[in-house]
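A short worksheet on the structure shown next.
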Amino acid sequence: MPQGYVLGVGKTRFGPTSKSLPSLAQEAILAALKDAGLEIGDIDAFIVANYLGGPNEGRLHLNAVVAGLMPGLNLPGWRVEAACASGGVAVHQALLALSRYERVLVVGVERMSGIPGMQLTRNIGMAGDLDLDQSAGLNFPASYALVAQRHMQAYGTTTRDLELISLKNHDNARLNPLAHFYHKTVTQADIDAGAMVASPLRLFDCCPVSDGAAAAVLSAEPRDRRSVPVLGSALSTDAISLSQRSTHTSFAAARTAASNAYRQAGVTARDVDFAEVHDCFTIAEVVAMEDLALCDPGEATRLIREGVTARDGELPINASGGLKAGGHAIGATGVGQVYEVVQQLRGEAGGRQLGKARIGLTHNVGGVGGTCAVHIMGRPDES
Ligand code: COA
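Note that our numbering has the sequence shown beginning at 3, numbered continuously upward.
This is the structure:
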């Protein structure tokens, strides 16, 4: 039995914009309501996912900010923060909230552009451990560089493998009008020219700095033949410090969330036709595939080299362009992944529509594996 249904989804373009945080949220909410064929008065509760509103622009209490977009309704609403997994956690919470409220609106929103680089890196770094990791210089690119180095030592992963992921995801983003790098053709020469960020990760191994919002309307019951069933929804956490982990080539929170979501959905990793995974850095796509049991540990790079994860491969990964090229508007990302999977399952993904899209999965990670939310969705007409 499904955990709930996605009645409608909406998304802004991810990328730099002068639009304010409330206006980005409004744009996504209106699009999701329109997609669901509903009015704001049909909503019974709402959840706002955001990470950087406080540190970046001194804007907190975002449930009341979003309530200002729907004056007079006085709905129950709250804000969720779980670093880059804020959106996925909000979707999980919305499904839980369906035991109390008939229709729950989730909106993930973030503004990141225009903040000086050092300040932004420090603000993003707050999602990592303060006592041990940050003091050792482990900001986000450095932490994922460590993961990449360990994966290379353990499994022979190469920088070429990471480049192939970047090329694939940039190629996919060129078919996604809402992607950060929709207009950018990325070649091997661009990748070669990219500056070193944290060895071995170069510019094109990193997600960009994006603004944006995404929204979804969830309900315990389907509304029409476009309502997409959520078959599995699982959340798991892990100790925040990398010093407390037994391995750095895999995230226990992701493995646990994945196995719980598969069990709930009554499917196995083999049943997954396509996935939107949290490729904040290219190495994270490798780790995600292995944590989701889409392949054995150390096997993801072979699938990438053989084109299995390409748009026309057997198991397309990040057809939207992923975080790498689709963009990573932190608090919005987990909801944006749901937007993409819903579009694919309905057969409404336009030029990037996948051939086989019956079971789709989202994998949204906060910090360096501190939080992971996994959602599994099925075709609208087969629930
Ligand atoms: N991938 C590809 N191109 C990128 C890029 C990225 N990640 N980031 C910026 N660019 C491009 C810009 O589009 C711009 O191109 P243009 O000159 O053609 O317009 C150029 O590089 C310079 O952009 P700028 O914003 O000055 O880059 P930067 O050097 O300040 O920032 C990073 C680059 C990698 C440091 C930044 O993108 C970053 O911090 N990414 C990681 C964000 C993060 O940690 N998120 C959370 C992860 S969990």
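Beta carbons: idealized from backbone N, C-alpha and C, even for Gly. Remember, predicted model here, so these are calculated numbers, not experimental data.
Environment of Glu83 [buried if 16+ CB atoms lie within 10 Å]: On the sequence shown, residue 83 is found 81 positions in, with the first residue counted as 1. The residue in question, Glu83, is buried, as its Cβ has 16 or more Cβ neighbours within 10 Å.
Proximity below 8 Å, CB of Glu278 to CB of Thr364: The residue given as residue 278 occupies position 276 in the sequence shown. The residue given as residue 364 occupies position 362 in the sequence shown. The answer is yes: Cβ separation under 8 Å.
Top-ranked residue by Cα proximity to Leu347, from Ala290, Tyr146, Val274, Gly336: For this step, residue 347 is matched to residue 345 along the sequence shown. Nearest option by C-alpha distance: Val274.
Limits of the beta strand (DSSP E) - the one that Thr367 falls within: Against the sequence shown, residue 367 aligns to sequence position 365. Checking the displayed sequence, the identity of residue 367 turns out to be Val instead of Thr. Segment 361-368, the beta strand (DSSP E) holding Val367.
CA-to-CA distance, Val93 to Asn65, given in whole angstroms: Residue numbering aside, residue 65 sits at position 63 when the sequence shown is read from its first letter. Residue numbering aside, residue 93 sits at position 91 when the sequence shown is read from its first letter. Their Cα atoms are separated by approximately 15 Å.
CB-CB length for Ala27 against Val111, believed under 8 Å: Taking the first residue of the sequence shown as 1, we reach residue 27 at position 25. Taking the first residue of the sequence shown as 1, we reach residue 111 at position 109. Between Val111 and Ala27 the Cβ distance is about 4 Å, and since that is below 8 Å, they are a contact.
Rounded straight-line distance, which links the Cα of Leu325 to that of Asp46: Translated into the one-based positions of the sequence shown, residue 46 becomes position 44. Translated into the one-based positions of the sequence shown, residue 325 becomes position 323. Near 31 Å, if we compare the C-alpha coordinates of Leu325 and Asp46.
Nearest-angstrom Cβ-Cβ length linking Gly89 and Gly336, presumed shorter than 8 Å: Against the sequence shown, residue 89 aligns to sequence position 87. Against the sequence shown, residue 336 aligns to sequence position 334. Right, the Cβ-Cβ distance comes to about 3 Å (below 8 Å), so this counts as a contact.
Candidates Tyr341, Lys358, Thr19, of which the one nearest Pro318 by Cα: Numbered from 1 along the sequence shown, position 316 holds the residue referred to as residue 318. Minimum Cα distance to Pro318 is reached at Lys358.
Residues bridged to Lys13 (per DSSP): Along the sequence shown, one-based indexing puts residue 13 at 11. Paired residues: Ala216.
Nearest candidate by alpha-carbon position, reference Leu75, set Val219, Pro118, Gly43, Gly12: For the purposes of this step, residue 75 is identified with residue 73 of the sequence shown, where counting begins at 1. Of the listed residues, the one whose Cα sits closest to Leu75 is Gly43.
The segment 368-383 in contact with the segment 151-159 per 3-pair CB rule at 8 Å: no
Per-residue burial, Lys36 [other beta carbons within 10 Å of its own, 16 or more giving buried]: On the sequence shown, residue 36 is found 34 positions in, with the first residue counted as 1. Exposed, by the Cβ-count rule.
Three-state secondary structure assigned by DSSP to Met291: By one-based count along the sequence shown, residue 291 stands at place 289. Met291: helix per DSSP, three-state reduction.
Of the residues Val288, Asp240, Ile31, the one placed nearest Glu165, counting alpha carbons only: Here residue 165 corresponds to residue number 163 of the sequence shown, with the count starting at 1. The candidate whose alpha carbon is nearest that of Glu165 is Val288.
Inter-residue Cα distance where the pair is Leu356 and Val91: As a working note, residue 356 is residue 354 in the sequence shown. As a working note, residue 91 is residue 89 in the sequence shown. Rounded to whole angstroms, Leu356 to Val91 spans 26 Å at the Cα level.
Residues sharing a beta bridge with Thr373, DSSP: Your numbering for residue 373 matches position 371 in the sequence shown. Paired residues: Thr239, Gly368.
Proximal residues to Ser252 (C-beta, below 7 Å), its chain only, five neighbours per side dropped: Here the question's residue 252 lines up with position 250 in the sequence shown. Result list for Ser252: Val289, Glu292, Asp293, Pro299, in chain order.
Between the CA atoms of Ala267 and Val50 - distance to the nearest angstrom: On the sequence shown, residue 50 is found 48 positions in, with the first residue counted as 1. On the sequence shown, residue 267 is found 265 positions in, with the first residue counted as 1. Those two C-alpha atoms are separated by around 26 Å.
Any non-hydrogen atom of ligand 1 closer than 7 Å to His365 Cβ: As a position in the sequence shown, residue 365 is number 363, starting the count at 1. No - ligand 1 has no heavy atom lying nearer than 7 Å to the Cβ of His365.
Distance, His280 Cα to Gly372 Cα: Within the sequence shown, residue 372 is the residue found at index 370, counting from 1. Within the sequence shown, residue 280 is the residue found at index 278, counting from 1. Their backbone Cα atoms lie some 13 Å apart in a straight line.
Rounded straight-line distance, which links the Cα of His172 to that of Gly10: Within the sequence shown, residue 10 is the residue found at index 8, counting from 1. Within the sequence shown, residue 172 is the residue found at index 170, counting from 1. Each residue's Cα considered, the two are about 27 Å apart.
Best match in Asn125, Ala375, Ser25, Gly139 for proximity to Pro57 [C-alpha to C-alpha]: The count along the sequence shown starts at 1 and reaches residue 57 at position 55. Pro57 has its Cα closest to that of Asn125, out of Asn125, Ala375, Ser25, Gly139.
One or two residues paired with Cys208 in a DSSP bridge: Reading the sequence shown from its first residue, position 206 is the one you call residue 208. Paired residues: Phe283.
Alpha carbon of Pro382 to alpha carbon of Leu220, nearest angstrom: One-based indexing of the sequence shown puts residue 382 at position 380. One-based indexing of the sequence shown puts residue 220 at position 218. Between Pro382 and Leu220, the C-alpha separation is close to 13 Å.
C-alpha distance - Asp133 paired with Ser243, whole-angstrom precision: Working through the sequence shown from its first residue, we reach residue 133 at position 131. Working through the sequence shown from its first residue, we reach residue 243 at position 241. One C-alpha to the other measures close to 8 Å.
Backbone CA spacing between Gly196 and Ser235 [nearest angstrom]: Residue 196 sits at position 194 when you count from the first residue of the sequence shown. Residue 235 sits at position 233 when you count from the first residue of the sequence shown. Rounded to whole angstroms, Gly196 to Ser235 spans 37 Å at the Cα level.
With 16 other Cβ atoms within 10 Å as the buried cut-off, status of His250: Working through the sequence shown from its first residue, we reach residue 250 at position 248. The residue in question, His250, is buried, as its Cβ has 16 or more Cβ neighbours within 10 Å.
Gly119 Cβ short of 7 Å to ligand 2 heavy atom set: In the structure shown, ligand 2 is absent; the only ligands present are ligand 1.
Whole runs of the alpha helix (DSSP H) within the segment 112-188, excluding any shorter than 4 residues: 119-127, 142-157, 161-175
According to DSSP, residues forming a beta bridge with Ala277: Reading the sequence shown from its first residue, position 275 is the one you call residue 277. In DSSP, Ala277 forms a bridge with Ile319, Leu363.
Heavy atom of ligand 1 within 7 Å of Thr187 beta-carbon: Indexing the sequence shown from 1 puts residue 187 at position 185. Outside the cutoff, so no.
Among Glu316, His185, Ala256, the one whose alpha carbon lies nearest that of Gly328: For the purposes of this step, residue 328 is identified with residue 326 of the sequence shown, where counting begins at 1. It is His185 whose Cα lies nearest to the Cα of Gly328.
Cβ-based neighbour list, Ala129, same chain, cut-off 6 Å, excluding 5 preceding and 5 following: As a position in the sequence shown, residue 129 is number 127, starting the count at 1. Taken in chain order, the residues that qualify are Ala85, Gly369.
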